[in-house]
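Take my numbering: the last position of the sequence shown gets the number 343, and nothing is skipped along the way.
Working notes, beginning with the structure itself.
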Amino acid sequence: MNTTAIVLEQPEHLMLSRLDLTPPADDDVVVDIEFSGISTGTEKLLWNGRMPTFPGMGYPLVPGYESVGHIIEAGPRAKHRVGERVFVPGARCYGEVRGLFGGAASRVVVSDSRITEVSDTLGDKSVLLALAATAYHAVSGAGQRDPIVPPDLIVGHGVLGRLLARMVVMAGFKPPTVWETNPARVAGSEGYPVVRPEDDPRRDYKAIYDVSGDSQILDSLVMRLAPGGEIVLAGFYTEPLNFAFAPAFMREAQIRCAAEFKRPDLLAVKELAETGVLSLDGLITHHAEPMQADAAYRTAFGDPGCLKMVLDWRHCQ
27 MNTTAIVLEQ
37 PEHLMLSRLD
47 LTPPADDDVV
57 VDIEFSGIST
67 GTEKLLWNGR
77 MPTFPGMGYP
87 LVPGYESVGH
97 IIEAGPRAKH
107 RVGERVFVPG
117 ARCYGEVRGL
127 FGGAASRVVV
137 SDSRITEVSD
147 TLGDKSVLLA
157 LAATAYHAVS
167 GAGQRDPIVP
177 PDLIVGHGVL
187 GRLLARMVVM
197 AGFKPPTVWE
207 TNPARVAGSE
217 GYPVVRPEDD
227 PRRDYKAIYD
237 VSGDSQILDS
247 LVMRLAPGGE
257 IVLAGFYTEP
267 LNFAFAPAFM
277 REAQIRCAAE
287 FKRPDLLAVK
297 ELAETGVLSL
307 DGLITHHAEP
317 MQADAAYRTA
327 FGDPGCLKMV
337 LDWRHCQ
């Protein structure tokens, strides 16, 4: 059994390759992928070689953790069945080629415990469930604070920032302010204002959620906090973060890191999306065929007008 996969041979050099798949175990399923998203966070770091070192890191690798497809084979100990449409948060089934995170392929072998059944009604928007779960995990606090203070300022109007803002509005809280410095990303708000930082006079935000990934931003955010306010780091930062102590001390500022999403977060946003409570509309802006992968990745990472690039694998089995 084999697959067609995106393989990053080295930073900024990818190929569409035919790879042998690891034979499925009794508790594995085989999934034919329909769509996979390109992450402008994690995958961009793999693409440009700036991903911090961690166990299993190295090239060549198959990226991707935002995939959806149909089960074509299920092991005897698998709970999911052939024909089900499932979300796949990556796979490690390519032999000597690393799966980081391994979802950008036409077919994958994955443990039954890792997949989540999703509705056909979501279509290609199913790939957004990982980002939605990330936003949900950040705004739910993951047990860090009780009660949770929802963001009244969100920094960044990409897909993650938009999902955060939509969740705040959806929950009935006062619409947050969103900062965005790129004119190409100002439009598309749904019930909340999007402004440039320099046009915002407020200095009394109770909860600031940063999804910019800017490691130099903390000092400017501290100056916008109300006393006892919280800064939530919901982006991914490749450089060390630091801040001036005195302004943070005067405000008794709190800083929290939002970790990666967990399965309960994914199940929560799946239900919200499938019932129409959480809209995923307008977030996918670009589509490409796998044969166009090199150009697709460069567009995803270099075009500010590209919110989410989706690869269509349906004709590449």
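We treat Cβ as the ideally placed atom computed from N, Cα and C, and that holds for glycine.
Since the structure is predicted, the reported quantities are computational estimates derived from the model, not experimental observations.
A buried status is given to E69, since no fewer than 16 other beta-carbon atoms sit within 10 Å of its beta-carbon. Excluding its 5 nearest sequence neighbours in each direction, I234 has C-beta neighbours in its own chain below 6 Å: L179, L247, I257, listed in chain order. At least 8 Å separates the beta-carbon of I98 from that of R107. Nearest neighbour of Y91 by Cα position, chosen from L293, P273, L154, turns out to be L154. The alpha-carbon separation between D329 and L186 amounts to approximately 17 Å.
Rounded to whole angstroms, the gap between the alpha carbons of P266 and S238 is 14 Å. Nearest to T29 by C-alpha distance, out of A299, L251, G128, K288, is G128. Between V123 and L45, the CB-CB gap stays under 8 Å.
Taken atom to atom, the span from the alpha-carbon of F113 to that of S139 is near 11 Å. Beta-bridge partners of G125 (DSSP): V88. Using a 10 angstroms sphere on the CB of K334, the tally of other CB atoms reaches 16 or more, which defines it as buried.
Between the segment 76-84 and the segment 267-287, the count of C-beta pairs closer than 8 Å stays below three; the two stretches do not touch. When P177, H183, A158 are compared, the shortest CA-CA separation from V194 is found for P177. Around the Cβ of S145, a 10 Å sphere holds fewer than 16 other Cβ atoms; the residue is exposed.
The Cβ atoms of H183 and R211 lie closer than 8 Å to each other. Under the 10 Å beta carbon count, E60 is surrounded by 16 or more other beta carbons and is classified as buried. Contact between M196 and V94 is ruled out by a C-beta separation of about 23 Å, above the 8 Å threshold. Nearest to P86 by C-alpha distance, out of L34, A131, M77, M41, is L34.
Under the DSSP assignment, T203 falls outside any alpha helix (DSSP H), being part of the beta strand (DSSP E) whose first and last residues are 203-205. Collapsing the DSSP output to three states places Q280 in a strand. Counting along the chain, H106 sits inside no alpha helix (DSSP H), nor does DSSP assign it H or E at all. Its Cα nearest to that of D54, the residue G101 stands out among G101, W339, G63. Between F327 and T66, the C-beta spacing is below 8 Å. Beta-bridge partners of Q36 (DSSP): H39. The alpha-carbon of A117 is positioned some 16 Å away from that of R111.
Taking P115 as reference, the option from A104, V88, K105, V221 with the minimal CA-CA separation is V88. Counting along the chain, the unbroken alpha helix (DSSP H) around R192 starts and ends at 185-196. Distance from the CA atom of T203 to the CA atom of V220, rounded to whole angstroms, is 6 Å. Straight through space, the alpha carbons of K200 and G109 are spaced by roughly 42 Å.
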